[in-house]
Structures are given as structure tokens and as C-alpha cells.
Amino acid sequence: MAESLDVVVVGAGFAGLYLCHRLKASGRTVKVLEQGSDVGGTWYWNRYPGARCDAESLAYSFSFSESLEQEWQWSERYAQQPEILAYAQHVADRFNLRPWIDFDTRVESASWLEDLSVWEVRTDTGQTLRATFCIMATGCLSVPQRPSIEGLDTFQGKFYQASQWPHESVNFLGQRVGIIGTGSSGIQAIPVIASEADHLTVFQRTPNFSVPAQNGVLDPDWVTAFKSHYRAHRENHKVGNGSGFGDLDIKPREAPADPILFSSLSEAEATAVLEQAWRRGGARFMAAIGDTLMDEQANAFAQEFVHKKIREIVKDPITAEALCPTTHPIGTRRICVDINYYETYNADHVRLVNLRESPIVRITPWGVELDSENIELDTLVIATGFDAMTGALLKMQVTGKSGLTLQNAWMSGPKTYLGLMTADFPNLFMITGPGSPSVLSNMLVSIEQHVDWVLDCLEDMAAKGKAKIEPSREAQETWVEHVQAVANATLFPKGGSWYLGANVPGKPRIFMPYAAGVGPYREVCQAVASDHYRGFNFE
Ligand code: NAP
């Protein structure tokens with residue numbers, strides 16, 4: 001007999017936790033299904049050495065509870081994975097969410113039963129649940145992408161994938177370690193692995209731009225002063241064309257700062273602005289000159305600035321040149337934030353192999369065979385990314401009206417209205433889905449905005465006696481076109497990145513996140529809701 005609920009939530013990462021909290025408080029019956037053994041989502045799985053958030057802790061945290069934000073003390077400017085996981089666990093305990101979560105439970109299918117107007121959700125534990133609403137809180141970077149390199153399974157040494165790191169500690173002492181992948185994960189892991197291993201070989205196909213985190217322990221007095229303005233900072237995170245990170249000054253700004261445009265700066269001024277951003281550290285480097293992601297000249301200038309930094313830091317000129325990204329505009333692939341990444345290549349026991357010059361032929365039982373040499377390894381780490389944004393949704397068998405599967409509906413790329421719902425899949429919501437700012441934003445800001453919007457929508461439906469919601473195809477088409485138009489006005493499509501699905505063979509090349517910024521997006525969502533949920537059909 002299937003258990004009947006108001007809402008089934010898939011995933012107990014930050015989105016699932018906040019959904020659970022809000023749904024529970026609204027008096028609805030809810031169950032959260034989580035494949036991991038604990039809460040935390042991405043912070044539960046990504047335990048690789050050096051894993052930490054590339055957004056500042058004080059911004060990358062929930063804002064829905066003033067007492068939570070005041071009582072939780074972050075130790076560093078950028079929290080490490082164990083601390084973020086502890087925070088997620090604390091939220092689950094503090095708001096008593098665990099009784100509503102089934103752990104070690106993977107959703108295999110979700111099917112819309114037309115006659116009953118319910119979602120039927122089946123799990124690998126044999127559960128069948130039926131719910132009026134199904135909300136996917138499955139995360140944007142939760143399905144690891146394993147590269148198709150010949151012989152990968154034949155390696156006889158120790159093998160680790162960054163995003164599926166074991167829970168027990170991993171020791172690299174005395175070992176010859178190799179790592180494939182130089183995105184955010186690899187760039188965080190490389191300095192830490194190098195600090196332990198006897199020898200580290202980094203196999204790099206495409207270099208990425210990385211800026212120093214300038215991480216440090218947070219000064220409790222500074223934090224107290226910052227937190228005395230926390231509400232105003234949180235409000236700032238929600239507005240403006242940016243990504244929802246606000247700034248780091250103690251006193252919150254009163255109005256969004258006007259962006260500095262490249263054309264308004266002399267070369268010396270532009271260099272000074274970037275120098276200051278470099279010293280300040282972190283991904284907000286990209287916002288220092290406001291049109292870096294819009295204007296090719298501004299972008300080229302920032303690229304050159306980072307190239308110079310790399311050449312200054314890395315002593316071996318051949319290694320330095322190989323580390324300079326030249327194949328994509330800066331920021332069009334997610335900018336990396338590092339601690340001593342480039343410096344690591346100055347150590348004698350660290351070697352960069354440029355796969356553009358010496359491609360991998362195959363992995364052998366003993367190491368990596370390049371077309372120029374064999375490199376023997378004791379341990380191989382891969383940090384080769386994710387099937388981003390659509391991976392988790394398409395991995396499940398999601399079936400909507402008239403037997404239409406999500407795989408078929410999204411065959412030529414994800415189609416959503418506002419990144420919240422998709423036509424022919426009634427009562428199925430997505431949190432930070434494709435077509436919303438999601439990965440281009442502070443995920444916590446976007447998660448809270450989506451969850452609040454969905455809860456308001458459910459309240460509105462309940463008040464008006466409506467049982468079914470679904471976007472119209474026209475509204476969806478218009479939104480999909482708008483998302484592409486916004487992206488095409490930027491340099492993002494030139495990045496060949498996972499934002500476009502370019503890292504997964506055969507995946508449609510569609511720019512998936514909404515690039516207009518969290519403020520304008522929030523306004524659109526609010527306007528749609530105020531206008532009787534314009535673009536949605538109800539029954
Ligand atoms: P990623 O950015 O997609 O990087 C994957 C890396 O693996 C790339 O360097 C890629 O090279 C390489 N690769 C893939 N297949 C390969 C192959 N067959 N041979 C050689 N190299 C191969 O993945 P990620 O580093 O896991 O990061 C993904 C995203 O997760 C980030 O952009 C970020 O949004 C998020 N993340 C955040 C944090 C944080 O908050 N600190 C940390 C980690 C990740 P090519 O570019 O040549 O394909």
C-alpha cells in the first residue's frame with residue numbers, strides 16, 4: 001500500500017532541508033528522500049582533500065532564521081567541507097527535521113498518475129509513496145561525470161573520485177599520486193595532496209582561471225560587527241544584477257553600487273582595480289570590473305592580468321605557460337578560488353603534464369600511459385566534474401502526462417518556466433532548476449527564494465481550492481528563449497563549459513542557468529505570482 005502525502009521532496013541538501021522546515025511548519029504531510037546516509041547533499045559527498053566553499057561562509061548560509069545566523073559561528077572566511085556539513089547537520093537537528101527524512105533511499109522513478117492527480121514515487125528500498133506534489137531538491141552538481149578514458153577500471157593502485165570520496169581518512173604519505181582534472185575540485189585538492197604525497201603529477205587538459213581565496217580565520221570582533229547588520233546584508237544579497245553575495249564591508253551598502261565599466265578606466269586604473277580585487281581574494285574578482293563578462297576587451301584585459309600573475313608566481317616558464325588559460329574568456333567557465341594553487345607547482349615533487357601536448361593513451365594497471373611516456377602511480381585521483389543541472393533529474397525515471405518522460409521532454413535541452421516547473425509535468429517543482437540563476441548565484445540565496453516562492457504558491461492554491469499547477473507551453477517557450485537571449489548577450493556561451501553541458505558527450509549544448517542576476521530574476525518571479533501566477537495553468 002503506497003503511503004499518501006501532501007509533498008514528497010527528493011534530496012536532503014540545503015534545498016531539501018529548508019523545504020522540509022517550511023512544509024512541516026505549514027502543516028503539510030511531507031517526506032524527504034535522500035540517497036546519502038546523512039543530510040548535506042553536495043557537502044555530504046564532496047569530501048576530497050581541500051574541499052571548501054568558494055563562497056564566503058557568512059553569505060553562504062541560511063538567512064531564514066535570525067537566531068540560527070547569529071548563533072552559528074563560522075571559523076574561516078571560506079568554510080571547509082566538514083564545517084559546512086556540520087552546519088547542515090546542525091540545521092537538521094535544530095529544526096528537528098530528521099524524523100521527516102528517509103536516508104539511504106534513492107528515488108528510482110516518479111510518475112504522474114493522471115487519474116488520481118498524484119505523483120507516485122518509487123525508491124530503491126522498495127517504498128512507494130504517493131503525493132500531490134513532488135519537489136526535486138536534487139542539486140545542480142550531484143551526478144559525477146566519469147571520463148571515458150581507456151583502461152580506467154584496470155588501474156591496480158588506489159583510486160578515488162573527488163565527488164565520491166571515502167568517509168575514512170585518506171593518506172598520501174610516501175606515495176606517487178596522479179590527479180586528472182583541474183576544475184574547482186582539482187584546484188582545491190592539488191595543494192593539499194601535494195603537501196602529503198611523495199610525488200604528485202597533475203594531468204591537465206584545459207587550464208582554468210583561478211584567483212586566490214585570501215582565506216583566513218575570521219576575527220570574532222569583525223564577525224560580531226558584521227552580524228549586527230546581518231539583516232541588511234541579507235537584503236543586499238537578494239537584489240541587484242549580481243550573484244547574491246553582497247560585499248564584505250561591516251556596514252552594508254545602502255544601494256547597489258554602480259558597476260565600474262572597463263571603458264571608463266585607463267589601463268593603469270583597470271590594473272589597480274584588478275590588483276585590489278586579487279588582494280581581496282575570491283570569486284568577486286569577476287565583479288571588480290562590471291562588464292568583464294559582457295565586453296571582450298574588458299575580459300581580455302582581465303585574462304592578461306591573471307596570466308601575468310601566473311607567470312609571476314610559477315617559476316618554471318613552461319609550466320607557467322601551460323597553466324595560462326587561453327581557450328575561454330575568464331569567468332565563462334566557473335572561476336576557481338584557490339589556496340596556493342599556482343605556488344604548488346614550484347615544489348620539486350609536483351609536475352604538470354600538459355595533456356594538450358602529451359595526451360593520455362590509456363590508464364594501465366600501474367599508472368598513466370601518455371603518448372610520450374609511462375608515468376607510474378600508487379594512487380590515481382579523478383576530479384572530472386559533474387553531469388550538471390540536469391544530471392540528477394534525468395537519472396531518475398520521471399514520467400509526466402500521457403507517459404511523457406523527462407528524458408524525452410528535454411531531449412534537445414532542458415525546458416522550464418522560470419527554472420521552477422516544466423510543461424506536462426504538473427505539480428512537479430524544481431529547486432534551482434535549469435532556467436534559474438542557480439549555479440551562477442549564491443546557492444543559499446537562490447534556494448531560499450525558490451522554496452519561499454513554491455510555498456507561497458502552494459498556499460495560494462490551497463486558498464483558492466486549486467489542486468493542479470502546470471506551466472503553459474507558451475510561457476515556457478518564451479522563458480527558454482529569454483534565458484538564451486540573456487546568455488547570448490554575455491560571453492558565457494564562449495566558455496564551452498558545464499554550464500552549457502559541454503563536458504558531457506552527447507548532451508545538448510544549451511546554456512542552462514539564467515544569467516540576468518538574482519535581483520531581476522526575483523522580480524520576475526514576484527511579478528508572475530502577483531499577476532495570478534501568469535503563465536501557469538491551474539485546475
Ligand atoms: P569541472 O570544473 O567540470 O572540471 C573537471 C576537470 O576534469 C576539467 O579540468 C576537465 O578538463 C577535466 N577532465 C574531464 N574529463 C577529462 C578527461 N577525459 N581527460 C582529462 N581531463 C578531463 O569539475 P569540478 O572541478 O568538480 O567543478 C565543477 C563545479 O563544481 C565547479 O565549477 C563549481 O561550481 C563546483 N565546485 C565548487 C567548489 C567550491 O565551492 N569550492 C568546489 C568544487 C566544485 P576539460 O576542461 O579539458 O574538460
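Sequential numbering from 1 applies to the sequence shown in the numbering used here. The beta-carbon is built from N, C-alpha and C at its ideal position, and this holds for glycine as well.
State the DSSP-derived secondary structure class of K158, mapped to helix, strand or coil.
Against the sequence shown, residue 158 aligns to sequence position 158. K158: strand per DSSP, three-state reduction.
Would you mind reading off the limits of the alpha helix (DSSP H) that contains L393?
Taking the first residue of the sequence shown as position 1, residue 393 is located at position 393. Where L393 is concerned, the enclosing alpha helix (DSSP H) stretches over 391-395.
Stretch pair the segment 416-428 + the segment 454-470: three plus CB contacts closer than 8 angstroms
yes
For the beta strand (DSSP E) containing V177, list its first residue and its last residue.
Counting from one through the sequence shown, the residue named residue 177 turns up at place 177. First-last of the beta strand (DSSP E) with V177: 176-180.
Just to confirm the assignment: which complete beta strand (DSSP E) runs, minimum length 3, are found wholly within the segment 450-527?
469-471
Excluding the five sequence neighbours on either side, which residues of its own chain have a C-beta within less than 6 angstroms of the C-beta of V398, listed in chain order?
Translated into the one-based positions of the sequence shown, residue 398 becomes position 398. Within the same chain, V398 has close Cβ partners A110, L406.
Distance between A137 and G36 (C-alpha atoms, nearest Å):
Your numbering for residue 36 matches position 36 in the sequence shown. Your numbering for residue 137 matches position 137 in the sequence shown. Those two C-alpha atoms are separated by around 13 angstroms.
For L33, three-class secondary structure by DSSP
Locating residue 33 in the sequence shown gives position 33, where the first residue counts as 1. Note: L33 maps to strand in three-state DSSP.
Going by Cα to Cα distance, which pick from L500, D6, L19, G50 is closest to V337?
Taking the sequence shown and counting its residues from 1, one reaches residue 337 at position 337. When only C-alpha atoms are compared, the closest one is G50.
By the DSSP assignment, the beta strand (DSSP E) with T379 in it spans what residues?
As a working mapping, residue 379 is identified with position 379 in the sequence shown. First-last of the beta strand (DSSP E) with T379: 379-382.
Grab me the residues of P365's own chain with a C-beta within less than 7 angstroms of its C-beta, minus the 5 sequence neighbours each way, in chain order.
Taking the first residue of the sequence shown as position 1, residue 365 is located at position 365. Closer than 7 angstroms at the Cβ level, and outside the excluded window around P365, lie T154, F155, Q156.
Taking 8 angstroms as the cut-off, decide whether the C-beta atoms of I431 and L19 are in contact.
On the sequence shown, residue 431 is found 431 positions in, with the first residue counted as 1. On the sequence shown, residue 19 is found 19 positions in, with the first residue counted as 1. In contact: I431 and L19 (Cβ atoms closer than 8 angstroms).
Compute the minimum distance between the beta carbon of T138 and the heavy atoms of the ligand NAP, and state whether it is under 7 angstroms.
Reading the sequence shown from its first residue, position 138 is the one you call residue 138. Checking every heavy atom of the ligand NAP against the Cβ of T138, none is found closer than 7 angstroms.
Is Q164 helix, strand or coil when you go by DSSP?
To locate residue 164, count along the sequence shown from 1; it is residue 164. Q164: helix per DSSP, three-state reduction.
Considering only the alpha carbon of each residue, which of D6, L68, G16, N46 lies closest to A383?
On the sequence shown, residue 383 is found 383 positions in, with the first residue counted as 1. Of D6, L68, G16, N46, the residue nearest in Cα terms is N46.
The ligand NAP heavy atom lying under 7 angstroms from the CB of A320
Sequence index remark: in the sequence shown, residue 320 carries index 320 (1-based). No - the ligand NAP has no heavy atom lying nearer than 7 angstroms to the Cβ of A320.
Beta-carbon spacing of Q297, P329 below 8 angstroms:
What you label residue 297 is simply residue 297 of the sequence shown in a count that begins at 1. What you label residue 329 is simply residue 329 of the sequence shown in a count that begins at 1. No.
With burial defined as no fewer than 16 other Cβ atoms inside 10 Å of the residue's Cβ, what is the status of T128: buried or exposed?
Taking the first residue of the sequence shown as 1, we reach residue 128 at position 128. Under this definition T128 is an exposed residue.
Taking 8 angstroms as the threshold (C-beta atoms), are A320 and R311 in contact?
Counted from its first residue, the sequence shown places residue 311 at position 311. Counted from its first residue, the sequence shown places residue 320 at position 320. Contact: yes.
Helix, strand or coil for E3? Go by DSSP, reduced to three states.
Numbered from 1 along the sequence shown, position 3 holds the residue referred to as residue 3. Strand, per DSSP.
Buried or exposed, going by whether 16 or more other CB atoms sit within 10 Å of the CB of T379?
Against the sequence shown, residue 379 aligns to sequence position 379. Counting Cβ neighbours within 10 Å, T379 comes out buried, since at least 16 surround it.
Tell me, to the nearest whole angstrom, how far the beta carbon of P54 is from that of S184; I am working on the premise that it is less than 8 angstroms.
For the purposes of this step, residue 54 is identified with residue 54 of the sequence shown, where counting begins at 1. For the purposes of this step, residue 184 is identified with residue 184 of the sequence shown, where counting begins at 1. Contrary to the premise, residue 54 reads as Asp rather than Pro in this sequence. Confirmed, about 6 angstroms.
At a cut of 8 angstroms, does the segment 478-490 reach the segment 402-419 through at least three beta carbon pairs?
yes
Decide if the segment 87-102 is in contact with the segment 279-289; the criterion is three or more beta carbon pairs, one per stretch, under 8 angstroms apart.
no
Please say whether V8 and A88 have beta carbons closer to each other than 8 angstroms?
Against the sequence shown, residue 88 aligns to sequence position 88. Against the sequence shown, residue 8 aligns to sequence position 8. Cβ distance not < 8 angstroms, so A88 and V8 don't count as in contact.
With respect to the beta strand (DSSP E) encompassing W119, which residues constitute its N-terminal and C-terminal limits?
Here residue 119 refers to the residue found at position 119 of the sequence shown. Its beta strand (DSSP E) spans residues 118-123.
Here's a check: name, in chain order, each residue in its chain whose Cβ is nearer than 7 angstroms to the Cβ of K548, leaving out the five neighbours to either side.
Only positions 1 to 539 of the chain appear in the structure, and residue 548 is not among them; the question remains open.
Let me check understanding here. Comparing Cα to Cα, which of Y230, A232, K227, D258 lies closest to G242?
For the purposes of this step, residue 242 is identified with residue 242 of the sequence shown, where counting begins at 1. It is D258.
Considering only residues of the same chain and omitting the five flanking positions on each side of H233, which have a CB-CB separation below 6 angstroms?
Counted from its first residue, the sequence shown places residue 233 at position 233. Counting only Cβ-Cβ distances below 6 angstroms, and skipping sequence neighbours, we find G246, P252.
Assuming E376 is part of the beta strand (DSSP E), what are its boundary residues?
The sequence position of residue 376 within the sequence shown is 376, counting from 1. Looking at the DSSP string, the run of the beta strand (DSSP E) that includes E376 is 374-376.
I'd like to check one pair, V32 with G16: are the Cβ atoms closer than 8 angstroms?
Counting from one through the sequence shown, the residue named residue 16 turns up at place 16. Counting from one through the sequence shown, the residue named residue 32 turns up at place 32. Yes, Cβ-Cβ distance for G16 and V32 is below 8 angstroms.
Taking 6 angstroms as the limit between beta carbons, can you name the residues of its chain near G517, skipping five residues before and five after?
For the purposes of this step, residue 517 is taken as the residue at position 517 of the sequence shown. Taken in chain order, the residues that qualify are N241, G242.
With distance defined between alpha-carbon atoms, name the residue in V314, N503, M461, D104 nearest to G41.
The residue labelled residue 41 in the question sits at position 41 within the sequence shown. Closest option to G41, Cα to Cα, is D104.
Would you be able to state if there are at least three C-beta pairs under 8 angstroms between the segment 176-193 and the segment 55-65?
no
Rounded straight-line distance, which links the Cα of D348 to that of F226:
Against the sequence shown, residue 226 aligns to sequence position 226. Against the sequence shown, residue 348 aligns to sequence position 348. Rounded to whole angstroms, F226 to D348 spans 42 angstroms at the Cα level.
How is A110 classed by DSSP in three states: helix, strand or coil?
In the sequence shown, the residue the question calls residue 110 occupies position 110. DSSP places A110 in strand when its eight states are reduced to three.
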